[in-house]
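Peer 1: Residue numbers (numbering that gives the first Met the number 0): 0 to 180. Positions of the beta carbon are idealized from the N, C-alpha and C atoms, including for glycine. If you're wondering where the values come from, they're calculated on a predicted model, not measured in any experiment.
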Amino acid sequence: MTQDLIQRHPRLEALFDAYSERFGKEQTPYRNHIYRVINLVAIQKALSEEELEKVAIAGFFHDAGIWLAGTFDYLEPSARLAAHYLEEQGLEAWGPEIGAMIQNHHKVTRFSADRQSLAEMFRRADWIDVSLGLLRFGLPAARIRRIRATFPNAGFHTLLLKLSGQQLLSQPWKPLPMLRR
0 MTQDLIQRHP
10 RLEALFDAYS
20 ERFGKEQTPY
30 RNHIYRVINL
40 VAIQKALSEE
50 ELEKVAIAGF
60 FHDAGIWLAG
70 TFDYLEPSAR
80 LAAHYLEEQG
90 LEAWGPEIGA
100 MIQNHHKVTR
110 FSADRQSLAE
120 MFRRADWIDV
130 SLGLLRFGLP
140 AARIRRIRAT
150 FPNAGFHTLL
160 LKLSGQQLLS
170 QPWKPLPMLR
180 R
């Protein structure tokens with residue numbers, strides 16, 4: 000486990016530059032969430048450069064359908080956006096792994112018996128962040144606190160509550176469409 004936090008990632012920053020207008024004032028909360036998730040994956044396993052690239056791409060797109068497709072039922076749209084981006088970049092071979100990270104990051108149960116698969120580590124990282132560190136999956140609380148201090152919430156969880164409330168009012172039969180068993 001590396002002691003240094005990943006504070007900037009060129010591909011992630013380029014993606015935010017390309018879509019900055021679409022995120023508006025919610026860019027900082029989402030960016031910080033992604034950096035928290037990336038770092039939570041990185042403390043589970045020392046990532047190769049390629050794995051870090053994959054996690055950064057999955058990180059950017061995992062919830063992006065909220066803003067880029069205008070829906071709270073965002074897993075499929077987010078995965079499609081990522082697949083399109085990978086095709087544009089000539090990285091189609093990464094599609095299945097990045098798609099698995101995006102499609103399964105809200106899975107309540109384990110995605111894979113392989114605890115070191117990127118999709119499983121990404122799933123745990125997102126749950127750690129969304130739960131504000133209440134779920135830790137064995138990761139040290141001090142490391143989680145350091146990540147959260149470096150990348151403040153900036154209203155991300157308030158945004159999630161607002162979006163959840165809007166979804167509940169508009170489709171009470173489908174209050175959290177992104178959750179998977």
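Taking all protein chains shown into account, decide if E91 is buried (16 or more other Cβ within 10 angstroms of its Cβ) or exposed.
Peer 2: Exposed.
Peer 1: Leaving out the 5 sequence neighbours to the left and right, which residues in its chain are closer than 7 Å to L158 when beta-carbon positions are compared?
Peer 2: Cβ neighbours of L158 beyond the five flanking positions: E25, P28.
Peer 1: Beta-carbon separation of N38 and N152 under 8 Å?
Peer 2: Not closer than 8 Å, so no.
Peer 1: What runs of the alpha helix (DSSP H), each 4 residues or longer, lie entirely inside the region 23-58?
Peer 2: Counting whole runs of 4 or more residues, the region 23-58 contains the alpha helix (DSSP H) stretches 26-41.
Peer 1: What is the DSSP secondary structure of T1, counted as helix, strand or coil?
Peer 2: With a pLDDT of 40 at T1, under the threshold of 50, the modelled position of that residue is not reliable, and the figure given next carries that caveat. Here T1 sits in coil by DSSP.
Peer 1: Can you name, in chain order, every residue of its own chain whose Cβ lies under 6 Å from the Cβ of Q43, other than the five neighbours on each side?
Peer 2: The residues are M120.
Peer 1: Where P76 and Q102 are concerned, what is the direct C-alpha to C-alpha distance, given to the nearest angstrom?
Peer 2: Going from the Cα of P76 to the Cα of Q102 covers about 10 Å.
Peer 1: Quick one: what does DSSP say F155 is sitting in, helix, strand or coil?
Peer 2: F155 falls in the helix class under three-state DSSP.
Peer 1: Please go through the same chain and pick out, in chain order, the residues whose beta-carbon is closer than 6 Å to the beta-carbon of Y34, but skip the five residues on each side of it.
Peer 2: Result list for Y34: F150, in chain order.
Peer 1: Candidates G69, R144, R79: which alpha carbon is nearest A57's?
Peer 2: Measuring from the Cα of A57, the nearest candidate turns out to be R79.
Peer 1: So which of S19, R10, A63 has the shortest CA-CA distance to H104?
Peer 2: Closest by alpha carbon: A63.
Peer 1: Please go through the same chain and pick out, in chain order, the residues whose beta-carbon is closer than 6 Å to the beta-carbon of L11, but skip the five residues on each side of it.
Peer 2: Cβ neighbours of L11 beyond the five flanking positions: A55, F59.
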